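**Q**
Residue numbers (my numbering): 736 to 990.
1. With the cut-off set at 8 angstroms, would you say residue 884 and residue 874 are in Cβ contact?
2. Would residue 814 and residue 745 be called neighbours here (beta carbons separated by less than 8 angstroms)?
3. Residue 751: buried (16+ other C-beta within 10 angstroms of its C-beta) or exposed?
4. What does the alpha-carbon distance come out to for the pair residue 802 and residue 828?
5. Distance, Cα to Cα, residue 798 vs residue 914?
6. State buried or exposed for residue 975, treating a residue as buried only when at least 16 other CB atoms are found within 10 Å of its CB.
7. Cβ of residue 878 within 8 angstroms of Cβ of residue 853?
8. Which residues does DSSP list as the beta-bridge partners of residue 886?
9. For the beta strand (DSSP E) holding residue 782, just list the boundary residues, first then last.
10. Tell me where the beta strand (DSSP E) around residue 771 begins and ends.
11. Just verifying my parser: in three-state terms, what is the DSSP assignment at residue 874?
12. For residue 904, which option in 789, 808 and 851 has the closest C-alpha, if you only look at C-alpha atoms?
13. Quick one: using the 10 Å Cβ neighbour count with 16 as the cut-off for buried, is residue 826 buried or exposed?
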């Protein structure tokens, strides 16, 4: 167990912007030292550094570590850097994701492998590296899926498939790690307004209307809405929860 007064270390993958950035800020505000993983792309690294700067300016501790979570060597580097600079990861948030909107008839094998690689293989590689040792007897993992795992994903077959896999991965890993006191839960966001959405869809009003048609709560979800649930799943109040997939979708899956 983490000793009283010992700083807990969180690693958040895909933390350059949107949901991942909000999660990093939230966990840092709650006193965790946070490693912010970004894709090695220069723009993503720059965005992650701004998130880290915000955390440090607010009195927290943050470190940016660029790595492609689909690549074993990158994952090894990611954890070695985190352990060297901050300490052992106790809270692992698996948010890194890739998606491309395309008809399923136009998806090639390479693109399929890339989406599955980041979204599902990455979750496996990071979890295994963090908690493989039988000596690790505490900690938690929070995975990030999508409402499209439950409803289906038109024009994103590989994305929807990978995110459904994340839920299955969460449940199976919870059974593997539960006897060691390590919890594994999943957050399942709905239509969350993020920077990526604003870049992808020019007509914001139309995007809002399309999202709200599916919901019973009459506003768009925010990255902070998701971060709050991740904080709960990473905290002591959820200590008797594992293997759960918690929807944060404004009631989308009620209808």
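Glycine included, C-beta positions come from ideal geometry on N, C-alpha and C. Keep in mind the model is a prediction, meaning the values are calculated, not measured.
**A** Well, looking at it:
1. No.
2. Contact check for residue 814 against residue 745 fails: the beta carbons are separated by 8 angstroms or more.
3. That one is buried.
4. Residue 802 and residue 828: Cα-Cα distance of roughly 15 angstroms.
5. One C-alpha to the other measures close to 31 angstroms.
6. By the Cβ neighbour-count rule, residue 975 is exposed, with fewer than 16 other Cβ atoms within 10 Å of its own.
7. Result no, Cβ atoms of residue 878 and residue 853 do not sit closer than 8 angstroms.
8. Residue 886 is not bridged by DSSP to any residue.
9. Not the beta strand (DSSP E): residue 782 falls in the alpha helix (DSSP H), residues 777 to 792.
10. Residues 768 to 773.
11. Residue state, collapsed to three classes: strand.
12. Considering only 789, 808 and 851, the residue with the shortest C-alpha distance to residue 904 is 851.
13. Under a 10 Å Cβ-count criterion, residue 826 is classified as buried, with 16 or more other Cβ atoms of the shown protein chains found around its own Cβ.
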